[in-house]
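Trainee: Every letter in the sequence shown is one number past the one before it in the numbering used here, and letter 113, counting from 1, is 840. Ideal placement from N, C-alpha and C gives every residue a C-beta, glycine not left out. Quick caveat: nothing in here was measured; it's all calculated off a predicted structure. The structure's right below; bear with me while I get my questions together.
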Amino acid sequence: MLRFIGFAILLFILPSLSKASTIIDSLKQLVEKNEPGTPIVQLHCDLAWEYIMEESDSALIFAKKAELLAAEKKDLKGVALGREHQGIYYEMVANDYDKAADIYLNTIKFCEDNNLDYSKNIYHNLGILFHMSDSYEKGKLYYEKSLELARQYKDTSLIKKCLINLGTVTSSLGHNSEARSLLLHCLEYPHDDVYNLSIIYGSIGNTYYREKNYNESLPWLLKSVGEIQGKKIEPDLLSFTYILDCKAALLDDSDLQFWVNHTEDLLQETEILRDRNITFKSLAKANEVLKKFELSNEYYKKYISSYDSLKVKQRDELVYE
């Protein structure tokens, strides 16, 4: 399962442009008023995040302003937050992964030099960076460091994020039983966010899928979509691709066209190269089961082409001592 929990909010829940603009306008109004007690540094970080979601360079301006304001106030955690958002900008908007990693590493050193517990969050960011670049061993290393500190400081929210991401990266390394244990352990914590539950269910399903235990896998995968705790889950492209893969492996063509149609619809809504690459392969396999061989071949060609483009963007390896 390649979905995982991201930074301050979930990585793959992107607000609509109209909603994002409304949030940005509201945040700007609060910044302009700057009434006594206004968390001005946090507001600048929130603005940076919203602009990151819009892939706007304005994010860097607000992240740097947050760091500057925090430094003036001698707010050390605020400095770390501002730097963190600069790192997220370079990772998610500028696609300068070396720069992002360098910022994260320097921010960790800043936190450790100043006895700030926020280093636990930055280690998690590094885990995501390497996880997304398929450097799974390094991703796992940083998640484990983040989890160790999260437990030390009793940060339950971060503990859950780390367990989910450790589960997914451990599964990617082929240790499916260990991955499943981590994910099931995460389910022992209360979860108000049904999207987190969706990721856990889907990831457990994926561990069975990797073991070719498709009959155990499919119920978990289906559980990850639809409704959880009475709340409808936002359709997620990757969740649908895993269901396609499982049904294709079982040669189960019952309602397979339904899942293909919805996956194709969701594919049109994403420009994320990695997600498109995964989806092309899943659609190729599904259409083969449906005996639509010409369409299957077209999707395989798209998969190979996008895979080559993805590897060009492979991130350089970095080691933090």
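Can you name, in chain order, every residue of its own chain whose Cβ lies under 7 Å from the Cβ of Asp-1002, other than the five neighbours on each side?
Mentor: Counting only Cβ-Cβ distances below 7 Å, and skipping sequence neighbours, we find Leu-964 and Leu-965.
Trainee: Suppose the cutoff is 7 Å on Cβ atoms and the five residues either side in sequence are ignored; what does the same chain contact list for Ala-807 look like?
Mentor: Excluding sequence neighbours, Ala-807 sits near Thr-834, Phe-837, Cys-838, Leu-843 and Tyr-845.
Trainee: Using only CA atoms, which one of Leu-1010, Leu-757, Gly-929 and Lys-1018 lies nearest to Ile-960?
Mentor: Checked all of Leu-1010, Leu-757, Gly-929 and Lys-1018; the closest Cα to Ile-960 is Gly-929.
Trainee: Which same chain residues end up closer than 7 Å to Leu-803 when comparing Cβ atoms and leaving out the 5 residues on each side of it in sequence?
Mentor: Taken in chain order, the residues that qualify are Asn-841 and Leu-843.
Trainee: Find the nearest neighbour of Gln-956 within the set Tyr-922, Asp-979, Gln-879 and Leu-983, judged by alpha-carbon distance.
Mentor: It is Tyr-922.
Trainee: Applying the 10 Å Cβ sphere with the 16-neighbour rule, what's the burial state of Ile-767?
Mentor: So Ile-767 counts as buried.
Trainee: Are the Cβ atoms of Ala-786 and His-771 separated by less than 7 Å?
Mentor: It is not a contact, given that the beta carbons lie outside the stated cut-off.
Trainee: The alpha helix (DSSP H) spanning Asn-933 covers which residue range?
Mentor: Segment 921–937, the alpha helix (DSSP H) holding Asn-933.
Trainee: Can you look up Glu-871 in the DSSP assignment and give me helix, strand or coil?
Mentor: Helix.
Trainee: Quick one: which unbroken alpha helix (DSSP H) runs of 4-plus residues sit fully inside the segment 979–1034? Chain order, please.
Mentor: Entirely contained in the segment 979–1034, the alpha helix (DSSP H) runs reaching 4 residues are, in chain order, 983–994 and 1000–1016.
Trainee: I'd like to check one pair, Leu-893 with Leu-909: are the Cβ atoms closer than 7 Å?
Mentor: Their beta carbons are under 7 Å apart, which means Leu-909 touches Leu-893 by this criterion.
Trainee: Reducing DSSP to helix, strand and coil, say where Ile-960 ends up.
Mentor: Residue state, collapsed to three classes: coil.
Trainee: Compute the Euclidean distance between the alpha carbons of Ala-798 and Ser-944, then round it to the nearest angstrom.
Mentor: Cα to Cα, Ala-798 sits roughly 50 Å from Ser-944.
Trainee: State the Cα-Cα distance for the pair Leu-971 and Glu-915, rounded to the nearest angstrom.
Mentor: Rounded to the nearest angstrom, the two C-alpha atoms are 29 Å apart.
Trainee: What do you reckon, are the CB atoms on Cys-913 and Leu-890 nearer than 7 Å?
Mentor: Yes, Cβ-Cβ distance for Cys-913 and Leu-890 is below 7 Å.
Trainee: Quick one: any contact between the segment 979–996 and the segment 1005–1018, if contact means 3 or more CB pairs under 8 Å?
Mentor: Enough Cβ pairs lie closer than 8 Å, so yes.
Trainee: Identify, in the order they occur along the chain, each residue of the same chain with its Cβ nearer than 7 Å to the Cβ of Ser-1033, setting aside the five sequence neighbours on each side.
Mentor: Only Leu-1000, Arg-1003, Asn-1004 and Phe-1007 meet the Cβ criterion.
Trainee: Can you give me the C-alpha to C-alpha distance between Asp-919 and Asp-882, rounded to a whole angstrom?
Mentor: So the two alpha carbons sit approximately 16 Å from each other.
Trainee: Exposed or buried, Thr-895, counting other C-beta atoms within 10 Å across all chains shown (16 or more means buried)?
Mentor: So Thr-895 counts as buried.
Trainee: Looking at the unbroken alpha helix (DSSP H) that takes in Leu-910, where does it start and where does it end?
Mentor: Note, Leu-910: alpha helix (DSSP H), 903–913.
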